[in-house]
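K.L.:
Just passing along the structure, written as structure tokens.
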Amino acid sequence: SQKIEQNSEALNIQEGKTATLTCNYTNYSPAYLQWYRQDPGRGPVFLLLIRENEKEKRKERLKVTFDTTLKQSLFHITASQPADSATYLCALLTGGFKTIFGAGTRLFVKA
Amino acid sequence: EAQVTQNPRYLITVTGKKLTVTCSQNMNHEYMSWYRQDPGLGLRQIYYSMNVEVTDKGDVPEGYKVSRKEKRNFPLILESPSPNQTSLYFCASSLVGDRGDSSYGYTFGSGTRLTVV
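As structure tokens, then:
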């Protein structure tokens, strides 16, 4: 069956370190992949999109990689800050408007 | 301010009593969609619309209806709510990409927390 997996356990890191979150998928051939941030009780906020023919995308302290052979995307936050604490969601877009979201990984950045 | 507005934010209702959750966007987006979010399951797509009068089912459409009579509005209708529809609901919108796909990020509303007793 088709599946998207994100680390269900929370990720705890120290301020200033790099946070790395993983998104694995099976049985999809996504056209592109998106990452969102979600704070408690709020709607997700779009962060980055990476296409199937792109290996890496950067935006300020954020970096996303996309390996279609491994069927994996990695999301990095460098020089992390307590304000980065949130749940991060990955979403696969398989073409058209079919969008599949992962359950999200909770990130805690300690000062 | 560019935004997606959902109403109400919170709703408690009884089984079988029809309700409508409204969604409106002011960005002239062609695409709109409804999701429900349940613990451990992530966001699941209920229905989506690519433009006025064009709607299609997502992964979990049973028990829901939608309509898209105007570009800016996309209401979610529960004709006969049941307790298993207790959830956090999000509306989202997006531009349609040059290739007729959703290659832009979605803008989400603030959510509607629905409880059916």
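Protein sequence lines, in the order shown, are assigned to chains R and L. Going by our numbering, the residue at position 49 of the first sequence is 49; the numbering climbs one at a time, nothing skipped. Going by our numbering, the residue at position 41 of the second sequence is 41; the numbering climbs one at a time, nothing skipped. All C-beta atoms in this analysis are idealised placements derived from N, C-alpha and C, irrespective of residue type, glycine included. Here the structure is a predicted model, which means the values were calculated and not measured.
#1: If you reduce the DSSP assignment to three classes, tell me which class residue 2 of chain L lands in.
#2: Where does residue 79 of chain R land, buried or exposed, given buried means 16+ other C-beta within 10 angstroms?
#3: What residues in the region 13 to 36 of chain L bring their beta carbon closer than 8 Å to a beta carbon of chain R?
#4: Which value, in whole angstroms, describes the spacing of the CA atoms of residue 110 of chain L and residue 88 of chain L?
#5: Determine the burial state of residue 102 of chain R: buried for a count of at least 16 other Cβ atoms within 10 Å of its Cβ, exposed for fewer.
#6: Residue 3 of chain L versus chain R: which residues are under 7 Å apart at the beta carbon?
#7: Output the distance between the C-alpha atoms of residue 70 of chain L and residue 50 of chain L, rounded to the nearest integer angstrom.
#8: Please classify residue 83 of chain R: does DSSP put it in a helix, a strand, or coil?
#9: Do we get a CB-CB distance below 7 Å when we pair residue 101 of chain R with the residues of chain L?
#10: Interface residues of chain R around residue 45 of chain L at Cβ under 7 Å?
#11: Please tell me whether residue 16 of chain R has its Cβ less than 7 Å away from any Cβ of chain L.
#12: From residue 114 of chain L to residue 80 of chain L, what distance separates their C-alpha atoms?
#13: Between which two residues does the beta strand (DSSP E) carrying residue 56 of chain L extend?
#14: Less than 8 Å between the CB atoms is what I'm expecting for residue 72 of chain L and residue 59 of chain L, so what's the real figure, rounded?
#15: What does the Cβ neighbour count give for residue 32 of chain L, buried or exposed, with the cut at 16 atoms within 10 Å?
#16: In whole angstroms, what is the alpha-carbon distance linking residue 77 of chain L and residue 53 of chain L?
#17: Once you ignore the five residues that flank residue 72 of chain R on each side, which residues in its own chain have a CB closer than 6 Å to its CB?
#18: Could you tell me which residues DSSP pairs with residue 13 of chain R in its beta bridges?
P.N.:
Based on what the coordinates show:
#1: In the structure shown, residue 2 of chain L sits in coil (DSSP, three-state: anything other than H, G, I, E or B).
#2: exposed
#3: Cβ contacts with chain R come from 31, 33 and 35.
#4: 10 Å
#5: buried
#6: Residues of chain R passing the Cβ test: none, with the nearest at roughly 10 Å.
#7: 12 Å
#8: helix
#9: yes
#10: 99
#11: No, its Cβ sits nowhere closer than 7 Å to a Cβ of chain L.
#12: 13 Å
#13: 54 to 57
#14: The Cβ separation is near 25 Å, so there is no contact.
#15: When all chains shown are included, residue 32 of chain L counts as buried.
#16: 16 Å
#17: 24
#18: R:109
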